[in-house]
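Have a look at the structure below before the remarks.
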Amino acid sequence: MTEIKDLIATHIQNIPYSGIRKFFDVANEIEGVISLGVGEPDFETPWAIRERGIYTLEKCRTVYTSNAGLLELREEISRYLKRKNNLDYNPKGQVLVTVGASEGIDLALRAVINPGDEVLIPEPSYVSYKPCIIMAGGIPIVITTKVENEFRLTAEEILEKLTDKTKALILPYPNNPTGAIMEKKDLEKIADVLKDRDIVIISDEIYSELTYGGIKHTSIAEIDSMYNKTIVLNGFSKSYAMTGWRLGYAAGPKELIAAMTKIHQYIIMCAPTISQYSAIEALRCCDDDVSKMRKEYDARRRVMLNGFRKMGLECFEALGAFYLFPCIKSTGLSSDEFCERLLYEAKVAVVPGTALGECGEGFIRCSYAYSIEAIQKALQKIEAFIKKYRKE
């Protein structure tokens with residue numbers, strides 16, 4: 000008789016477990032570890048949001064909402080995108096509330112990918128893109144971004160990978176893990192390449208509120224030729240410190256949002272109701288809270304960047320998200336070796352760059368979504384650690 004494990008779909012068997020989660024399962028078993036690994040804000044969810052959640056429970060507003068989400072929330076999302084990016088989306092048909100931006104990625108890919116379609120992914124990048132493409136029946140085509148370009152995606156790199164089978168491009172900026180951003184001039188060059196092609200852009204903008212150095216986030220959907228072929232994904236986890244509330248959204252052409260909603264209604268029904276009511280409060284009242292968190296992240300960013308440079312690790316100045324991506328090639332260790340030894344020998348947890356794509360070899364991802372005190376302690380331990388391994 001066939002073993003039960005052999006009944007699992009082959010394409011699912013071949014998808015590896017997340018390199019980040021697999022590594023931190025080990026880290027969680029070691030006492031006294033200082034973690035710079037998980038991309039989760041250490042701030043409390045702003046009180047106004049929590050208060051709205053409590054009130055929602057007290058009023059027993061715990062039933063299903065419409066598949067697309069509360070209309071009141073979709074209206075607030077539309078207003079937010081208008082004031083932040085001057086984007087016009089009709090809340091009735093062009094906005095879908097999802098279970099985090101992660102569900103949005105899955106829905107977008109399943110809505111547009113036919114078996115054998117190719118999807119372009121800049122890497123290093125978030126761990127879910129490639130598996131979600133495979134589960135949708137597509138073929139991931141990796142575009143390796145380069146540190147000398149500050150890990151920005153270029154029009155030339157896209158042109159090199161385009162084929163007749165290219166169906167979509169994932170645009171993950173501000174970027175996890177590199178902290179790279181794309182400015183308007185960068186996006187305009189990409190738009191020139193894609194404007195006359197039948198390619199959907201899936202723009203993951205979950206870190207849109209977290210940019211530094213006076214640079215404002217620009218969405219590729221702001222460029223006229225891109226508006227009608229872009230799905231904008233965003234959410235509340237990073238900007239509003241609402242990771243466990245599991246709430247995101249998608250905005251885009253009504254035909255694409257309708258297709259995503261069709262999938263969503265069968266597999267999810269609706270996003271968490273309490274979270275939806277609370278998110279209304281977030282969008283209406285919490286701009287100041289977001290600004291305060293952004294300023295604190297910026298201070299942490301500078302402390303960590305200066306720390307890495309002081310100890311002699313090359314690290315470009317990331318201007319988005321809450322990660323740095325220092326190069327550890329001078330130690331002579333691979334990314335996996337570096338992270339494993341750092342964990343066991345110095346009790347500091349960071350993420351190997353290879354967990355975010357093979358081209359991440361020689362780099363590590365370090366999150367500054369932690370207190371300055373924790374960052375400084377970790378930096379001291381990392382500096383002592385690399386002195387043992389650095390090649391002269």
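Mapped onto numbering that gives the first Met the number 0, the consecutive letters of the sequence shown carry residue numbers 0 to 391.
A virtual CB, placed ideally from N, CA and C, is assigned to each residue, including glycine.
Residue from the options with nearest C-alpha to residue i
| i | options | result |
| --- | --- | --- |
| E149 | Y172, L80 and L161 | Y172 |
| E221 | L186, A258 and V98 | L186 |
| N174 | K160, S124 and N13 | S124 |
| A278 | N233, D191 and R293 | N233 |
| N13 | I76, K129 and L378 | K129 |
| I53 | W244, R299 and Y296 | W244 |
| K253 | G18, A67 and K4 | A67 |
| K164 | L170, D297, I140 and G311 | I140 |
| I142 | I256, A270 and L161 | L161 |
| F362 | Y369, P351, I205 and I76 | P351 |
| K306 | K376, A257 and L152 | With the sequence shown as reference, residue 306 is identified as Gly, and Lys is not the correct amino acid for it. Comparing Cα positions, the closest option is K376. |
| L168 | Y248, P176 and V192 | V192 |
| S207 | V231, D197, A281 and D288 | V231 |
| V146 | E316, S329, R82 and L304 | E316 |
| L119 | K294, T153, T61 and T330 | T153 |
| A190 | I138, S224 and R308 | S224 |
| I11 | N84, C131 and V98 | C131 |
| C338 | I381, C358 and M303 | I381 |
Residue(s) in a DSSP beta bridge with residue i
| i | result |
| --- | --- |
| P392 | Any question about residue 392 goes unanswered here, given that the chain covers just 0 to 391. |
| L95 | A249 |
| G234 | G247 |
| R364 | V350 |
| L323 | C365 |
| T229 | I200 |
| I133 | Paired residue(s): none; I133 is not in a bridge. |
| S34 | A348 |
Counted within 10 angstroms of its Cβ, other Cβ atoms place residue i as buried (16 or more) or exposed
| i | result |
| --- | --- |
| P443 | Lying outside 0 to 391, the shown extent of the chain, residue 443 is not represented and no answer is given. |
| K237 | buried |
| K386 | exposed |
| L86 | buried |
| C59 | exposed |
| T144 | buried |
| M292 | buried |
| V411 | It is not possible to answer for residue 411, since the shown part of the chain is limited to 0 through 391. |
| E122 | buried |
| M0 | exposed |
| V111 | buried |
| A368 | buried |
| A8 | exposed |
| G356 | buried |
| D5 | exposed |
| S65 | exposed |
| Y248 | buried |
| L16 | Checking the sequence shown, residue 16 turns out to be Tyr, not Leu. So Y16 ends up on the exposed side. |
| R283 | exposed |
| R196 | exposed |
| K294 | exposed |
| I256 | buried |
| D392 | A question about residue 392 goes unanswered here, because the residues of the chain that appear run from 0 up to 391. |
Residues of its chain near residue i, where Cβ-Cβ distance is below 6 angstroms and the 5 sequence neighbours each way are ignored
| i | result |
| --- | --- |
| E313 | C326 |
| T44 | A240 and M241 |
| S400 | Lying before the first or after the last residue shown, residue 400 is absent from the chain, which here runs from 0 to 391. |
| R109 | A135 and I262 |
| P90 | R73, E74 and S77 |
| G18 | A354 |
Residues near residue i in its chain [Cβ-Cβ closer than 7 angstroms; skip 5 each side]
| i | result |
| --- | --- |
| E344 | F384 |
| L366 | First, the residue type needs correcting, since residue 366 is Ser and not Leu in the sequence shown. Closer than 7 angstroms at Cβ, skipping near neighbours: L35, G36, V37, G38, F321 and Y322. |
| C285 | P45, A47, I48 and Y239 |
| A373 | I33 |
| E391 | With a pLDDT of 46 at E391, under the threshold of 50, the modelled position of this residue cannot be trusted, and the question is left open. |
| Y88 | S77, L80, V94 and A250 |
| E156 | I142 |
| R151 | T144, A179, M181 and D185 |
| S333 | E360 |
| E304 | Note that residue 304 corresponds to Leu in the displayed sequence, not to Glu. Once the five neighbours on either side are set aside, the close Cβ partners of L304 are C314, E316 and L323. |
Residue i: CB within 7 angstroms of a non-hydrogen atom of the ligand GDP
| i | result |
| --- | --- |
| N66 | In terms of ligand content, the structure shown is empty, and the ligand GDP therefore cannot be addressed. |
Close-in-space but distant-in-sequence residues of the same chain around residue i (CB under 8 angstroms, 5 per side omitted)
| i | result |
| --- | --- |
| I29 | L342, Y343 and K346 |
| A298 | I371 |
| Y265 | none |
| T217 | N84, M181, E182, K183 and L186 |
| Y296 | L209, Y211, F321, Y367 and A368 |
| A26 | V32, S34, G36, L342 and A348 |
| Y63 | M268, C269 and T272 |
| N227 | P252 |
Taking only runs of the beta strand (DSSP E) that begin and end inside the segment 140-224, which ones reach a length of at least 3 residues, in chain order? 165-170 and 199-203
For a minimum of 4 consecutive residues, which ranges assigned as the alpha helix (DSSP H) are wholly contained in the segment 38-107? 46-57 and 70-84
Hey, which unbroken runs of the alpha helix (DSSP H) at 4 residues or more fall wholly within the segment 265-341? 272-284, 286-309 and 334-340
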